[in-house]
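Under the working numbering, the first residue of the sequence shown is numbered 1309, with each subsequent residue one higher.
In this text, a Cβ means the ideal position worked out from N, Cα and C, and glycines have one as well.
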Amino acid sequence: MKPYKSYDTIIKILNVIEQNETGAYLRYGDGDFNIMTGKSDMYNSFNSQFSNELKESVIIDDKNYMKGFCLMCNKYGLLEEKMWGGNHEWPQNLCDNFYNILLTIRNKHLTDYYSPVAFNYYITTYPEKSFELMSRFKKLCERDNSTVIFVGNANIRHEIIKLYFNEKYDFIECPPKNSYDKINEIEKMLIDIVNKDNKYKIIIICCGVTSRCLIKRIWKNNNINRKYFLLDFGSIIDGLSGINSRQYYIETKFNVTNYNKGFKKYIS
1309 MKPYKSYDTI
1319 IKILNVIEQN
1329 ETGAYLRYGD
1339 GDFNIMTGKS
1349 DMYNSFNSQF
1359 SNELKESVII
1369 DDKNYMKGFC
1379 LMCNKYGLLE
1389 EKMWGGNHEW
1399 PQNLCDNFYN
1409 ILLTIRNKHL
1419 TDYYSPVAFN
1429 YYITTYPEKS
1439 FELMSRFKKL
1449 CERDNSTVIF
1459 VGNANIRHEI
1469 IKLYFNEKYD
1479 FIECPPKNSY
1489 DKINEIEKML
1499 IDIVNKDNKY
1509 KIIIICCGVT
1519 SRCLIKRIWK
1529 NNNINRKYFL
1539 LDFGSIIDGL
1549 SGINSRQYYI
1559 ETKFNVTNYN
1569 KGFKKYIS
């Protein structure tokens, strides 16, 4: 098994996009494991189809299908400096439980796996270092006069999408809770936008556990005729929007105003 820590995860994402290859980055947390094992979580109610789609998503193995799992302890090689309980670190017994669930579903061990908190960790822990990485990503979003596609709920501040990704974007709204109920509609809108021109597409998805099912569907859909990268950007978009939805913002004393100002200055 080869774990990729946060920096290496981000660099792999950037390299795949720079080479115009189709790729995906998915982030599995405890909510995903709840749904896969027959339980609901705070934002999603269990149903069997939802659970089955999540299981299908963890079975896919491809060098550019980058799965990040919350195996955040020393045993699994994803614990990093300045992580602690409440700030990305998980107890080993829980990580063992998560891994055993994956092993049961996959019927084989993981090979490569990635940090599920790569952007979250760098932005809140090493703000100055993250500016360069986020600037590289923004330039890729803007190259060739492209637009990005953003899938998220209505609470997302659109000026944050413009600041970190691209002034030009298509927005697909999803519900803040139980977004899986709308996945068929979201998928159709997403495919229509991806196929509307000949350009490489960067697709930023922020719809919780449903993100993994949506990425799996797009990845397996043979009717998409463009190369793309699907980025499960996750809860850090809340932090950048000033929404304190996660404990790690509090633990790291993340100052969103200072961060956004600092990034604007860096790219100016």
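Going by the beta-carbon positions, is the gap between residue i and residue j smaller than 8 Å?
| i | j | result |
| --- | --- | --- |
| Ile1513 | Phe1541 | yes |
| Ile1494 | Ile1480 | yes |
| Leu1322 | Phe1427 | no |
| Asn1328 | Lys1535 | yes |
| Tyr1333 | Leu1539 | yes |
| Trp1527 | Tyr1351 | no |
| Met1344 | Ser1356 | no |
Figure out for me which residue from the options has the closest Cα to the Cα of residue i.
| i | options | result |
| --- | --- | --- |
| Asp1478 | Lys1490, Ser1487, Ile1499 | Ile1499 |
| Lys1383 | Arg1534, Val1324, Glu1397 | Glu1397 |
| Asn1474 | Val1456, Asn1328, Asn1486 | Val1456 |
| Asn1408 | Ile1321, Asn1428, Cys1378 | Cys1378 |
| Thr1432 | Leu1539, Tyr1312, Ile1501, Asp1546 | Asp1546 |
| Ser1549 | Val1564, Tyr1557, Ile1558 | Val1564 |
| Glu1559 | Met1344, Met1380, Lys1390, Glu1326 | Lys1390 |
| Gly1516 | Ser1487, Gly1394, Gly1393 | Ser1487 |
| Tyr1472 | Leu1418, Phe1439, Glu1326 | Phe1439 |
| Asn1405 | His1466, Asn1552, Asp1338, Lys1447 | Asp1338 |
| Ile1551 | Asn1506, Gly1346, Ile1464 | Ile1464 |
| Asn1401 | Ser1454, Ile1501, Cys1381, Lys1371 | Cys1381 |
| Tyr1508 | Met1309, Lys1313, Glu1326, Ser1314 | Glu1326 |
| Leu1418 | Phe1562, Met1309, Asp1340 | Met1309 |
Could you give the distance in angstroms between the alpha-carbon of residue i and the alpha-carbon of residue j?
| i | j | result |
| --- | --- | --- |
| Leu1411 | Ile1575 | 43 Å |
| Asn1531 | Asn1503 | 9 Å |
| Asn1529 | Tyr1434 | 37 Å |
| Val1366 | Tyr1422 | 13 Å |
| Asp1316 | Tyr1430 | 11 Å |
| Lys1524 | Arg1335 | 12 Å |
| Lys1320 | Asp1369 | 16 Å |
| Lys1572 | Lys1470 | 11 Å |
| Thr1330 | Cys1449 | 14 Å |
| Pro1483 | Lys1490 | 8 Å |
| Asn1566 | Glu1436 | 11 Å |
| Val1324 | Leu1387 | 24 Å |
| Asn1395 | Gln1555 | 7 Å |
With H, G and I counted as helix, E and B as strand and the rest as coil, what does DSSP make of residue i?
| i | result |
| --- | --- |
| Tyr1556 | helix |
| Lys1310 | strand |
| Phe1377 | strand |
| Tyr1536 | strand |
| Glu1329 | coil |
| Val1456 | strand |
| His1396 | strand |
| Phe1354 | coil |
| Arg1335 | strand |
| Ile1551 | coil |
Counting only the same chain and skipping the five closest in sequence on each side, list residues whose C-beta sits under 6 Å from that of residue i.
| i | result |
| --- | --- |
| Gly1577 | Since the first and last residues shown for the chain are 1309 and 1576, residue 1577 lies out of range. |
| Ile1318 | Ala1426, Leu1441 |
| Gly1376 | Arg1335, Tyr1422, Ser1423, Pro1424 |
| Tyr1557 | Gly1547 |
So, for residue i: in the same chain, excluding its five sequence neighbours on each side, which residues have a beta-carbon less than 7 Å away from its beta-carbon?
| i | result |
| --- | --- |
| Ser1348 | Asn1342, Phe1354 |
| Ser1553 | Ser1543, Asp1546 |
| Glu1361 | Cys1521, Lys1524 |
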